[in-house]
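Accompanying notes for the structure given below.
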Amino acid sequence: MRSGSESRRRIGTLARLLALAIGTALVLSFPQVAPNPYVLSAGVVIVNYAVLATSWNLVGGFTGYISLGHGAYLGLGAYGTGLLVTRADVPSFVALVIAAAIVAVLAIPIGIASLRVRGASFVIVSIALVLILLLVFQSWASFTGGSNGLVVPRPFPGLRRPEHHMVFFYLFCALLALALLAWWIIDRSRFGLGLKAIREDEDKAQALGTPTFAYKLAAFVVSATFTALGGGMYALWFGDLDPIFQFSILTGAYMVLMALLGGVRHLFGPVLGALVVGYALEYFKLEYGDTQLHLVATGVLLGLVVLFMPDGVIPAVADLYARFFKPQAASIREVSTAELLAQRAAEAGAQPGGGDGGPGGEPGGTSVPTSAEAKR
Amino acid sequence: MISGSLLFQSLILGVLLGGLYALLAAGLTLYFGVMRVVMIAHSAFLILAAYLAWYFHRQTGLDPLLSMVVTAPLFFVIGVAMQRLLITRLRPATRTMMSVLLTFAIAIGIEGLLGYVFTGTHRRTQLSYSGASFELFGARVAVVKLIAFGLAAAALGGLFLLLRKTTFGQALRATMQHKEAAELAGIDTDRVAGYGFGIGLATAAVGGTAMALDVTIYPSLHWHWIGPLMAIIVVGGLGSVPGAAIAAMLLGVTQSLLQLPLGTTWAQTIFYLALFATLVFRPQGFFGGRLAQRF
Amino acid sequence: MTAATTSSPPVTDGLRTVGLTKTFGGVTAVDAATVTFQHGKVNALIGPNGSGKTTFFNCVTGMIKPDSGRVTYRGRDITGHAPHRIAKAGIGRSFQLCRIFPRMTVLENVLVAARRTSLGALLGSPRGRAEVDRARGWLTRVGIEHLADVEARNLSYGQQKLLELAGVLMGDPETILLDEPAGGVNPALIERIGTLVRQLNAEGRTFLIVEHNMDMVMSLSDHVIVFDRGRPIAEGPPSVIRSDPRVLEAYLGV
């Protein structure tokens with residue numbers, strides 16, 4: 343039985359690696375199959391969203407601190423890169439890295455101030471941050487160009503538009519891979535376990551010895567840095583910055599929506615969310631032109647996600663599937679008499695004095711332990 | 005050098021503005037008090053009411069203040085419906101956090117609808133008395149601002165009377181202070197919470213109508229208000245409605261006074277500065293008293 | 009140290025408070041409480057409702073900052089320290105309304121408490137051989153090892169209480185503070201918890217138990233401290249406390 347579950351696990355891992363390889367191949371071949379430059383640029387936008395959503399998830403998903411103001415770091419990264427290139431004559435990609443480093447440093451005092459409060463207070467602070475940055479960047483026209491915007495020269499001036507989009511498509515993919523790698527490393531690490539404990543019960547985590555503030559701050563800074571990288575890369579690609587689009591609560595809302603929709607507990611959840619929401623946004627822009635209906639759509643979608651699928655669309659769909667097609671499996675507490683007797687015997691053997699028979703549960707009160715025992 | 009009369013003028017304007025802020029902050033406090041819900045859509049409803057008042061005036065030629073006869077009860081019903089149908093669906097454990105996201109979704113939904121129906125063109129209500137003002141100890145006070153303040157003061161006064169003198173008000177205060185105890189005392193807290201929500205949204209109707217007299221409105225205007233409003237309730241602390249009102253007055257006057265040296269845009273930063281200062285030094289707010297809570 | 013006298017002097021190299029005070033609004037919850045807990049023993053903290061036990065407990069464990077006074081452990085001042093520093097100092101605590109991490113597995117719940125060895129180890133896996141073995145060891149000790157891969161929210165309340173205990177023990181605390189361990193559980197489980205406490209105490213761990221269940225207090229503890237109106241009014245062995253008129257007065261409110 344042991345070798346059976348081992349080989350099953352190996353097949354599962356192999357299948358997942360295969361799916362990953364296929365998916366990567368599909369993504370990387372997209373520029374080749376895109377029918378026109380517009381579709382290609384839409385692809386770039388979606389990969390950009392995927393980067394942003396995954397970056398947001400580094401703090402939002404792990405710690406449960408939901409920031410609606412992540413647009414602040416996007417804007418700082420974008421303007422940082424743009425200003426370094428235009429005013430300090432720094433080469434494009436060097437400017438990108440320096441801007442991200444500056445944001446990382448700024449994120450420390452911002453995080454120290456914001457992370458002192460929890461829950462809804464934290465969300466409000468994050469909104470306040472992006473609003474005040476919007477105010478500053480709009481008003482400080484002499485430095486930032488204000489509402490006239492800032493033009494960022496392209497890093498590869500010789501390229502025609504389609505090639506320009508293609509190059510940046512791959513650059514964004516590389517950035518996405520980096521962000522996903524960071525998420526993956528944190529997810530399976532002790533640091534990640536501590537972060538998840540903070541999400542579940544912050545006081546309890548602290549009582550168990552986790553230095554919660556330091557952990558939260560670290561995740562916050564990493565998240566802000568990657569978001570800034572995404573913003574800076576966008577500045578280099580798009581070339582035209584305006585405070586109202588860079589320091590945007592709406593973009594921050596998109597990040598949250600994408601991560602929540604796709605599922606915050608999964609590596610590719612935000613990517614999935616970015617695909618769905620990004621595509622929907624492009625569709626709305628095409629069908630309904632410049633009207634504000636995409637706002638309504640975002641609002642409705644976010645509302646639906648919050649009300650009905652706060653864990654993401656995949657668990658919600660799986661739940662629905664289980665309820666319709668496998669009604670027996672939906673109930674967790676079902677245990678057959680034989681299994682119950684076996685559990686009681688096992689427990690009595692482990693601890694002299696009998697089982698606990700605690701309120702509301704049989705000793706070992708769920709059906710899952712049987713499979714857990716079988717695994718051993 | 006800023007002249008004394010200019011200073012006095014700014015002070016008066018600040019008081020008038022503070023009154024309006026106080027009414028709006030009171031509404032926000034109600035939502036949080038009854039259901040621990042942070043209602044980011046409050047300012048969006050404010051703008052919606054302003055649009056409705058403007059539209060009413062444009063279509064009928066009547067004074068936009070009359071639109072309140074329809075909008076206030078309408079918003080009350082919407083408020084009750086929101087609480088019963090949406091808020092109660094949220095899991096209690098994460099309700100405060102999720103309410104932020106949910107009401108945020110409602111806010112951008114409203115903004116989108118307004119933009120779709122009325123387009124992004126800036127709108128302004130022109131009335132026969134729009135330009136009128138009168139003298140008050142050397143300060144020029146616009147009549148519309150005074151009316152707005154009067155409305156806000158009346159509404160706040162009405163709210164105060166409701167909370168203090170009526171049985172329902174008592175039930176509402178009990179629910180806000182200690183839900184379980186109120187339930188034990190036989191109060192139907194769910195219904196009270198629903199009405200509390202409705203009242204909160206009705207104050208948005210009043211405030212929005214008052215705004216329509218004097219402010220140029222456009223769909224994304226609500227973002228200019230939600231920042232200051234959130235700052236006010238954090239600074240005031242989620243205690244009694246008076247706590248938020250005090251903070252509103254204080255910050256409104258300060259903002260108005262700061263407009264003299266700094267200009268309108270930079271004067272707005274006072275709210276964010278106050279917000280961050282509160283979080284650093286006294287996260288539970290300054291004026292809330294014993295009832296103040298951290299979100 | 010002087011030789012032991014007929015009435016053994018209280019051991020002072022453990023947890024103590026000096027003049028601890030905490031006020032909420034107009035109410036003084038803890039009033040200049042000076043307490044010395046006996047190291048190596050099972051201490052019990054009892055008192056009527058509203059006597060300030062829980063506030064005192066929270067001040068000691070770092071959940072609340074006291075207004076004045078000191079908390080020391082092993083001679084080191086830990087007043088107002090953050091809870092995780094107090095945990096690192098060797099003091100573990102459970103919560104009155106049992107707190108666990110609902111959507112993590114039982115095993116993961118316990119692994120959270122594993123001591124971090126170095127900064128580099130942060131990015132390493134939390135499921136190292138040694139830690140997992142230790143975690144499973146504690147789970148076996150409390151009797152829920154067979155539930156290791158179950159999500160904690162699916163456990164019964166009694167099982168969650170045991171899980172919480174296992175998590176606290178994983179941090180290898182020298183002193184363990186239990187907040188109403190018998191609250192909300194059936195007599196069989198109370199019995200099991202009591203046995204565990206006795207065993208762990210015999211192995212050298214100090215206990216401080218806040219409890220209302222008098223049977224448990226009397227049968228389990230070596231030293232009882234009675235709180236009333238924010239300060240200790242009596243302390244001593246259970247047999248003495250049981251018949252102390254001041255204690256009866258405090259409980260009966262005469």
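Residue numbers (my numbering), protein chains in the order written: chain A, 343 to 718; chain B, 5 to 299; chain C, 9 to 262.
From the three backbone atoms N, C-alpha and C, an ideal C-beta is built for every residue, glycine too.
Could you pull out every residue in the same chain whose Cβ sits closer than 8 Å to the Cβ of residue i, ignoring the five residues on either side in sequence?
{"i": "Leu11(B)", "result": "Leu261, Leu264"}
{"i": "Arg177(B)", "result": "Leu167"}
{"i": "Leu94(B)", "result": "Met102, Ser103, Leu106"}
{"i": "Ile151(B)", "result": "Leu69, Ala214, Leu217"}
{"i": "Pro373(A)", "result": "Leu382, Gly385, His507, Met508, Phe511, Tyr512"}
Find the residues of chain B that neighbour residue i, judging by a C-beta separation of less than 7 Å, and give them in chain order.
{"i": "Thr640(A)", "result": "Ile112"}
{"i": "Ile474(A)", "result": "Thr273, Tyr276"}
By Cβ distance, which residues of its chain are closer than 7 Å to residue i, with the 5 residues on each side in sequence left out?
{"i": "Leu623(A)", "result": "His636"}
{"i": "Leu617(A)", "result": "Ile388"}
{"i": "Leu56(B)", "result": "Ser71, Thr75"}
{"i": "Val255(C)", "result": "Val234, Ala242, Ile249"}
I need the boundaries of the alpha helix (DSSP H) containing residue i, first residue and last residue.
{"i": "Gly551(A)", "result": "Per DSSP, Gly551(A) belongs to no alpha helix (DSSP H) and is neither H nor E."}
{"i": "Asn117(C)", "result": "114–119"}
{"i": "Val245(B)", "result": "245–271"}
{"i": "His46(B)", "result": "46–64"}
Excluding the 5 residues flanking residue i on each side, which residues of the same chain have their C-beta closer than 6 Å to its C-beta?
{"i": "Gly113(B)", "result": "none"}
{"i": "Val467(A)", "result": "Ser456"}
Please list, in chain order, the chain A residues whose beta carbon lies closer than 8 Å to that of residue i.
{"i": "Ser133(C)", "result": "Arg530, Ser531, Arg532"}
So residue i contacts chain A; which residues on that side make the cut at Cβ distance below 7 Å?
{"i": "His92(C)", "result": "Gln548, Gly551, Thr552, Pro553, Thr554"}
{"i": "Val104(B)", "result": "Ala462, Val465"}
{"i": "Arg93(B)", "result": "Leu649"}
Got a sec: is the Cβ-Cβ distance from residue i to anything in chain C below 8 Å?
{"i": "Gly354(A)", "result": "no"}
{"i": "Ala361(A)", "result": "no"}
{"i": "Ile527(A)", "result": "yes"}
{"i": "Ala539(A)", "result": "yes"}
Could you confirm whether any beta carbon from chain B is found closer than 8 Å to the beta carbon of residue i?
{"i": "Pro504(A)", "result": "no"}
{"i": "Ser481(A)", "result": "yes"}
{"i": "Pro499(A)", "result": "no"}
{"i": "Ala455(A)", "result": "yes"}
{"i": "Gly695(A)", "result": "In this prediction, Gly695(A) scores a pLDDT of 41, lower than 50, which makes its location untrustworthy; the coordinate-derived value is nonetheless stated afterwards. Not one chain B Cβ lies under 8 Å of Gly695(A)."}
{"i": "Ile591(A)", "result": "yes"}
{"i": "Leu477(A)", "result": "yes"}
{"i": "Leu559(A)", "result": "no"}
Quick check on residue i - is its C-beta less than 8 Å from some C-beta in chain A?
{"i": "Leu105(C)", "result": "no"}
{"i": "Ala208(B)", "result": "no"}
{"i": "Leu23(C)", "result": "no"}
{"i": "Tyr120(B)", "result": "yes"}
{"i": "Lys49(C)", "result": "no"}
What residues from chain C crowd round residue i, counting only those whose CB sits closer than 9 Å?
{"i": "Gly536(A)", "result": "Val120, Arg124, Leu130, Pro134"}
Interface residues of chain B around residue i at Cβ under 9 Å?
{"i": "Leu416(A)", "result": "Going along chain B, no residue has its Cβ under 9 Å from Leu416(A), so there is no contact; the nearest lies around 17 Å."}
Terminal residues of the continuous beta strand (DSSP E) containing residue i?
{"i": "Pro195(C)", "result": "Run containing Pro195(C): none in the beta strand (DSSP E); it sits in the alpha helix (DSSP H), 195–210."}
{"i": "Gly27(C)", "result": "23–32"}
{"i": "His231(C)", "result": "231–236"}
{"i": "Ala41(C)", "result": "35–44"}
{"i": "Arg239(C)", "result": "239–244"}
{"i": "Leu410(A)", "result": "Element bounds for Leu410(A): n/a, residue is neither H nor E."}
{"i": "Ser281(C)", "result": "There is simply no residue 281(C) to check, as chain C begins at 9 and stops at 262 in what is shown."}
I want to check one thing, is the minimum distance from the CB of residue i to the heavy atoms of the ligand NAD below 7 Å?
{"i": "Ala189(B)", "result": "Ligands displayed in this structure: none; no statement on the ligand NAD is therefore possible."}
Run down chain C in chain order and give the residues with a C-beta less than 8 Å from the C-beta of residue i.
{"i": "Glu803(A)", "result": "Since the first residue shown for chain A is 343 and the last is 718, residue 803(A) is missing from the structure and cannot be characterised."}
Can you pull the chain C residues whose beta carbon is under 7 Å from the beta carbon of residue i, in chain order?
{"i": "Ile408(A)", "result": "Those do not exist, as Ile408(A) stays about 17 Å from chain C at its closest Cβ, beyond 7 Å."}
In chain A, what lies closer than 9 Å to residue i by C-beta?
{"i": "Pro110(C)", "result": "Glu542, Asp543"}
For this session: Name, going along the chain, the residues of the stretch 22–46 of chain B whose beta-carbon falls closer than 9 Å to a beta-carbon of chain A.
Result: So the list reads Phe36, Arg40, Val41, Val42, Ile44, given in the order they occur along the chain.
Exercise. Can you list, in chain order, the residues of the stretch 458–471 of chain A whose Cβ is nearer than 9 Å to any Cβ on chain B?
Worked result: Those residues of the stretch 458–471 of chain A that come within reach of chain B (Cβ to Cβ, closer than 9 Å) are Arg458, Val459, Arg460, Gly461, Ala462, Ser463, Phe464, Val465, Ile466, Val467, Ile469, Ala470, Leu471.
For this session: Using a Cβ-Cβ cut-off of less than 8 Å, list which residues of the stretch 202–235 of chain B approach chain A; keep chain order.
Result: Within the stretch 202–235 of chain B, the qualifying residues are Pro223, Trp227, Ile230, Gly231, Met234, Ala235.
Problem set entry | Residues from the stretch 594–607 of chain A in contact with chain B, defined by Cβ distance under 9 Å | Per Cβ criterion, the list reads Ala595, Val598, Leu599, Leu602.
Exercise. Got a sec: which bits of the stretch 644–672 of chain A sit with their beta carbon under 9 Å from any beta carbon on chain B, in order along the chain?
Worked result: Listed in sequence order: Leu644, Gly645, Leu646, Val647, Val648, Leu649, Phe650, Pro652.
For this session: Pull out every residue of the stretch 229–259 of chain C whose Cβ sits closer than 8 Å to any Cβ of chain A, in chain order.
Result: Residues passing the 8 Å Cβ filter: none.
Problem set entry | the stretch 187–211 of chain C: positions lying closer than 9 Å to chain A by Cβ | Result list: Gly192, Val193, Asn194, Ala196, Leu197, Glu199, Arg200, Thr203.
Exercise. Going along the chain, which residues of the stretch 55–69 of chain C sit with their C-beta nearer than 8 Å to a C-beta in chain A?
Worked result: Those would be Thr69, in chain order.
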